[in-house]
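In the working numbering, the protein residues as written are 701 to 1098.
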Amino acid sequence: MPHREPLNFDVNATYGVERDLLLAACEKSSSVLNPSSVHAGGQKGRALLETSRELILTLIDAPPGARGIFTSGATESNNSAIGSPFLTYINTSRPAQIIISAIEHPSVEEPAERLCRQGVFLTRVFPRAGGKFAPSDFAEAVLPHCKLVSVMLANNETGQILPVKEICEAIRSRSGDALLHCDAVQALGKIPLSMKELGADMLSISAHKVGGLPGCGMLVLKDEHRFSPFMLGGSQESRQRAGTESVLGAVIFAESLARRIEELPENHAGRMTALLQEILLRDVPSLKVNFENLECLPNTLNLQLPGVRADDLVAALDIRGILVSSGSACASGKPLGSKVLERMGLSKSEARQSIRVSLGAQYDEESVKEGAEIIVSVMNEMLQHSSTFEPLEEAVGV
Ligand code: PMP
């Protein structure tokens, strides 16, 4: 086992909380009690919660009058955003449509599929050949009873940036009614983000992707009157989301986001990612960069090593103290190929040989070079033994 801390080259999964921010936030919120309580302990919590909310809204350049509601994370934000517009349609015979891109996170796709089972018409928009999404394809999918269009700003597996602003404009030219939701979880803190400019009605973000704590997120509503609360049982968050808020979570969310945004102009994560890519491509000649022709987040690489299973590579790198991920999900211990990678045009076999590497701004050039050398040596060792693996196509099964 390595003596140093593992290198987190998997920030798209979780960035990790920085010690100084954590300690400062704990200190700030040490005597905080329930922010809905009228006593001093509660009011101290309320003040911190509101300051954090305002800071987050400013940092994402939310439109004037927008309301940010704290949630338990982006999974809840997405479920609420997808479910809310349809609450009055379920169990009626009134027609309703939802449109999503074909590469949404499961926290968008699965609620949309459930709506579909309940009678809502679900349309998925696929990328064109080459992987790009055309805004006109979204506009053409709009039916008169379209209630919601949900498109992510950046994909978590590939890092692909989708033309959300143009999609919003195209949809608006077709429908005055449809609400536009954007899952901006992966774009937040990695590229400049202005909710005002995007034109979305609802935006989901998550704390732990920017250095905050897991279990804290926000759903930002441009016009809260067009939203029906999904979580019931309390008057918190202006009655838009029941449940006691995590003041500590909110404070760390706001401060870590401020730090990520402050770092953006320097593009350290992007430069370190480019350095890593350069070393890997130089020293592992058979390595391929997937989606190189697409506009992607500067910190995300999707890499394919022909002949080597991604899950094996991830495990081998983990042992050597390099944390990356494969796009594959594990359902009851059975590895599945990534649906997103296949929908982006990769074969099952290619998808199962692809890993995601995603960097933050926390490592200097020396650490990244050290990490790159380890990845090169693990990849080359695995390539030498790749002939002993089962053929990948056969291993996939049904
Ligand atoms: N959307 C995207 C694009 C994500 O990457 C994630 C996290 N993997 C989520 C939503 C869910 O976020 P959370 O972990 O805060 O529930």
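Heads up, the beta-carbon is just placed ideally off N, CA and C, and yes, glycines get one too. A quick note: this is a predicted structure, and the numbers were derived from the prediction, not measured.
Here the alpha carbon of L980 sits roughly 17 Å from the alpha carbon of D710. By a beta-carbon distance limit of 8 Å, E866 contacts P835. Their separation comes to about 4 Å. The continuous alpha helix (DSSP H) containing F838 extends over residues 835 to 841.
In terms of Cβ geometry, V1068 and L919 do not form a close pair [threshold 8 Å]. Exclusion of the five residues before and after S906 leaves G773, A774, V885, G917 as the residues of its chain whose Cβ lies within less than 6 Å of its Cβ. Closest by C-alpha distance to G859, out of S1058, A796, V947, H908, is S1058.
Inside the segment 759 to 842, DSSP marks whole alpha helix (DSSP H) runs of 4 or more residues at positions 774 to 783, 806 to 817, 835 to 841, from first to last along the chain.
DSSP, read as helix, strand or coil, puts A1061 in coil. For K728, the CB contacts under 7 Å within the same chain, skipping 5 residues up- and downstream, are L748, V951 in chain order. Under the three-state reduction of DSSP output, L1005 falls in the coil class, being neither helix nor strand. When C-alpha distances from S873 are compared across E857, M1079, S928, V842, the shortest belongs to V842.
A straight-line Cα-Cα distance of about 18 Å links R960 and C996. In this structure, T858 has its beta carbon at no less than 7 Å from each heavy atom of ligand 1. Fewer than three beta-carbon pairs drawn from the segment 797 to 807 and the segment 934 to 942 are found closer than 8 Å, and the two stretches are therefore not classed as touching.
Each of E966, V825, A839 was checked against the Cα of P892, and the nearest Cα belongs to E966. For S894, the three-state secondary structure derived from DSSP is coil. Under the three-pair Cβ rule at 8 Å, the segment 757 to 770 does not count as touching the segment 808 to 823. Within the same chain, A870, I871, S873, R874 come within 7 Å of A839 by CB-CB distance, once the 5 residues on both sides are set aside. Distance between A725 and L948, taken at the CA atoms: about 7 Å.
Within the model, the alpha-carbon separation for V989 versus A1016 is close to 20 Å.
D901 carries a coil assignment under DSSP once its states are collapsed to helix, strand and coil.
Ligand 1 never approaches A1072 closely enough for any of its heavy atoms to be under 7 Å from the residue's Cβ. Boundaries of the alpha helix (DSSP H) around L976: 968 to 983. At least one heavy atom of ligand 1 lies less than 7 Å from the C-beta of H908.
In the three-state reduction of the DSSP assignment, M918 falls in the strand class. By the C-beta criterion, the segment 894 to 908 is judged not to be in contact with the segment 733 to 753, since fewer than 3 inter-stretch pairs fall below 8 Å.
Approximately 6 Å separates the beta-carbon atoms of R1052 and R1009; this is inside 8 Å, confirming the contact. For C882, the uninterrupted beta strand (DSSP E) run begins and ends at 879 to 883, by DSSP. When rounded, the separation of the alpha-carbon atoms in K1039 and S736 is 42 Å. In the structure shown, the three-state DSSP call for A887 is coil. For C726, the enclosing alpha helix (DSSP H) begins and ends at 719 to 728.
Sequence-distant Cβ neighbours of L787 in its own chain, meaning closer than 7 Å and more than five residues away, are S928.
Residue environment for N791: exposed (fewer than 16 other C-beta atoms within 10 angstroms of its C-beta). When DSSP states are grouped into helix, strand and coil, S935 belongs to the coil group.
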